[in-house]
Amino acid sequence: MEFKKNILKNNQVLSFLIIFLFGLFCRIYSHLTDPVLNPDGILYIQQAKALYLGKFQLVTACYPYLSPYPIFIFLFYLVTHNWILSGVIVSLVFSMLSFIPLYFLLKTFFDNKTTFLTLFIFACMPSFIIYSHKVIRDPVFWFFSLSGFYFFTMYLNNKNWYHLLSCFICFIIGAWARVEGCVYLLISFIFLLKTIKYDKKFLITVGIAFCIFIILIYVLSLYLDISILKILPYEKIETRINYTIQNYKELREVLKNFEDIDKYKNFRFFSSIAKDLLWWIAFGGILIKIIRTMYLPFFIIFCIGIYSIRNKIKNEIISFYFFNLIGAFLVLYVQTLYTWVIATRYIAIFILPSFIFIAYGVKSIIRFFDMKAKEKLRYSTITLILFVLISTFPKIFLSYRNQDNKIYREIGQYIAKIEQYKKLVKIGGSIKRLPLIFFYANLNYPSVTCFPIKCLLYEKNLKPDLILKRNIDYYVWDEKSSNRISLDLIKNSSQFQELKRWKSKKRGTLILFKVLK
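Heads up, my numbering is the position in the sequence shown plus 944, with the first residue counted as 1.
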């Protein structure tokens, strides 16, 4: 009997390792095919650089709030001595660590087969693979949020106070990483209020969790000599709530004004309808983004899971995750009405609590196969694995990667090779990704280097005199944003020296000029 238990345990460990390593392979492959730094990463690396150099007054120079992510980059840099690599490693580490709390969370609900198949879906979900190696805060948020869900579930099962304490500490750190994570914290607190008559220790436990976090933040603010308000971005929440209604009203007025423009007759009729349907447009936009981000095959499994437990929705644990779905959707809804930007990575706040329902969908599909198939276990498992692999293979391994970012990196590295990081190099141009060129050109300059906005020159007919007034060292001309007249004027000027040309699919020809002073 003991021998059989050991075999079963070894099989579970082996299954977990296979899925874990496959997930790691997918994430490393994604990084190798898209190795260029994302724009957000520039800001977090500058914060980490300020911490490393001890220039604490510059921690919030490029980005107004400090999250735990730059702190982790700084710590890893002490080992790697490479800023970009440190950022990528932090993201990969926390992305892979997310497998652990998700595995234990699923294990509290489901059998081994359902647990491992759902974990395999997490390993293959394209949105988590694509953003797992980006230099962004999200993987840190994933790990601490999933850990919080696991500890909260354990608390509901056995009412141990240390599970509740661990839960709130994880949710607080997750919310510090991404302020949207406050919704998990809020729902957990509200959800527990109804159980206070059974367990009156939870308020004390929550208070301890908040006290521990506030003390740590206070010590950090004293050490860095920066305001606590720069570490805890609660202003973001207040701003989004206050301006959502205002932005909605302004957009309605803009659409209303189009009704009086005869030039756009068709759009005039559209705007008269659309201005009264903005609430529904936001709702539909989020729903479509959730389907695309979760990926349609997995969204179908999620819907099957919701349907399969429709009669269990009043169950304490299931209702907790269901309320988290509603809360996450409302956060995305407010975010959409506030900015009308629905970034793919924001949808993770909805997907993380969805894995319980995805697992129920997987369980229902397995049950269906078990009724139909003769070789029940093997047939259903292999079919689901093949379904997941075939449906995600094109998205993971054959999806288009923007090669233009590599060109921007090459331009920046070319400038860095010339200047050798001896001075802060200022670069002008009209390319949206100009901060990326600036970053690579000044990557190892021994100070915090925030991109100066004045270096962005959007004028179509740009004259050399205007470029010289910005006091820049290099200028990047691109075919899409500028015209031949401006190029001829720059080439004929004695104060500009052409260095090199690059070809881009989106921007056409890019030409690097050195400004001679």
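No residue lacks a Cβ here, since even glycine has one placed at the ideal position from N, Cα and C.
As the structure is a prediction and not an experimental result, all values here were calculated from the model.
To the nearest whole angstrom, what separates the beta carbons of residue i and residue j, a pair I think is in contact under 8 Å?
i        : j        : result
Lys-1398 : Arg-1377 : Rounded, the Cβ-Cβ distance is 17 Å, inconsistent with contact.
Phe-1301 : Phe-1246 : 5 Å
Val-1127 : Gly-998  : Wrong, their Cβ atoms sit about 36 Å apart, outside the cutoff.
Gly-967  : Gly-1031 : With 8 Å as the limit, Gly-967 and Gly-1031 do not qualify as a contact, their Cβ atoms being about 20 Å apart.
Tyr-1021 : Tyr-996  : 6 Å
Leu-981  : Ile-1015 : That pair is no contact at about 19 Å.
Glu-1403 : Val-1275 : That belief does not hold up - the Cβ atoms of Glu-1403 and Val-1275 are roughly 39 Å apart, past 8 Å.
Since residue i sits in a beta bridge, which residues does DSSP pair it with?
i        : result
Lys-1444 : Leu-1456
Trp-1421 : Ile-1455
Leu-1400 : Gly-1373
Sorted by chain position, which residues of the same chain lie with C-beta nearer than 7 Å to residue i's C-beta, five sequence neighbours on each side aside?
i        : result
Ser-1011 : Arg-1081, Trp-1120 and Ala-1121
Phe-1242 : Ile-1065, Met-1069 and Ile-1302
Leu-1019 : none
Phe-947  : Since pLDDT at Phe-947 reaches only 48, below the 50 mark, its modelled position is unreliable, and the value read off the structure follows with that caveat. Closer than 7 Å at Cβ, skipping near neighbours: no residue.
Leu-1406 : Ser-1426 and Ser-1430
Arg-1451 : Asp-1348, Ile-1375, Asp-1422, Glu-1423 and Lys-1424
Glu-1260 : Leu-1100
Ser-1263 : Ile-1257
Leu-987  : Cys-1006 and Tyr-1007
With distance defined between alpha-carbon atoms, name the residue in the options nearest to residue i.
i        : options                                   : result
Ile-1131 : Trp-1105, Asn-1102, Phe-1154 and Phe-1093 : Phe-1093
Phe-1294 : Tyr-1007, Leu-1050, Ala-1360 and Phe-1072 : Phe-1072
Leu-1046 : Gly-1031, Pro-1083, Ser-1091 and Thr-1024 : Ser-1091
Val-1084 : Lys-1051, Asn-1056, Phe-1054 and Ile-1033 : Ile-1033
Phe-960  : Ser-1110, Ser-1042 and Ser-1391           : Ser-1042
Cys-1155 : Lys-1307, Tyr-1389, Leu-1061 and Ile-1116 : Ile-1116
Leu-1036 : Phe-1382, Met-1098, Tyr-1013 and Ser-1426 : Tyr-1013
Pro-983  : Leu-1050, Thr-1024 and Ile-1375           : Ile-1375
Trp-1284 : Ala-1226, Lys-1219 and Thr-1336           : Ala-1226
Tyr-1282 : Gln-1190, Asn-1026 and Leu-987            : Gln-1190
Thr-1062 : Leu-1333, Arg-1428, Ile-1359 and Asp-1417 : Leu-1333
Leu-1050 : Ser-1263, Thr-1097, Tyr-1358 and Asp-1220 : Thr-1097
Cys-1394 : Ile-1371, Leu-1276 and Ile-1355           : Ile-1371
Phe-1088 : Asp-1220, Gln-1357, Thr-1052 and Cys-1111 : Cys-1111
Thr-977  : Lys-1078, Phe-964 and Gly-1249            : Lys-1078
Phe-1463 : Val-1306, Leu-1412 and Leu-1400           : A question about residue 1463 goes unanswered here, because the residues of the chain that appear run from 945 up to 1461.
Gly-1228 : Phe-1273, Lys-1193 and Gly-1249           : Phe-1273
Tyr-1277 : Leu-1368, Leu-1231, Val-1420 and Ile-1235 : Leu-1231
Leu-1433 : Gln-991, Asp-1409 and Phe-1157            : Asp-1409
Ile-1159 : Ile-1113, Lys-1138 and Arg-1196           : Ile-1113
Kindly list the residues whose CB is nearer than 6 Å to the CB of residue i, restricted to its own chain and excluding five residues on each side of it in sequence; keep chain order.
i        : result
Tyr-1265 : Pro-1297 and Ile-1300
Phe-1267 : Ile-1131
Ser-1252 : Tyr-1304 and Ser-1308
Trp-1086 : Ser-1042
Trp-1446 : Ile-1351 and Leu-1454
Phe-964  : Phe-1043
For residue i, which residues from the same chain have a beta carbon less than 8 Å from its beta carbon, with the 5 sequence-adjacent residues on both sides left out?
i        : result
Leu-1460 : Ser-1438, Gln-1439, Phe-1440 and Gln-1441
Ile-1152 : Leu-1109
Can you list the alpha helix (DSSP H) stretches of 4 or more residues lying completely in the stretch 1050-1118, in chain order?
1056-1068, 1070-1075 and 1082-1102
For a minimum of 4 consecutive residues, which ranges assigned as the alpha helix (DSSP H) are wholly contained in the stretch 1234-1294?
1240-1252 and 1260-1283
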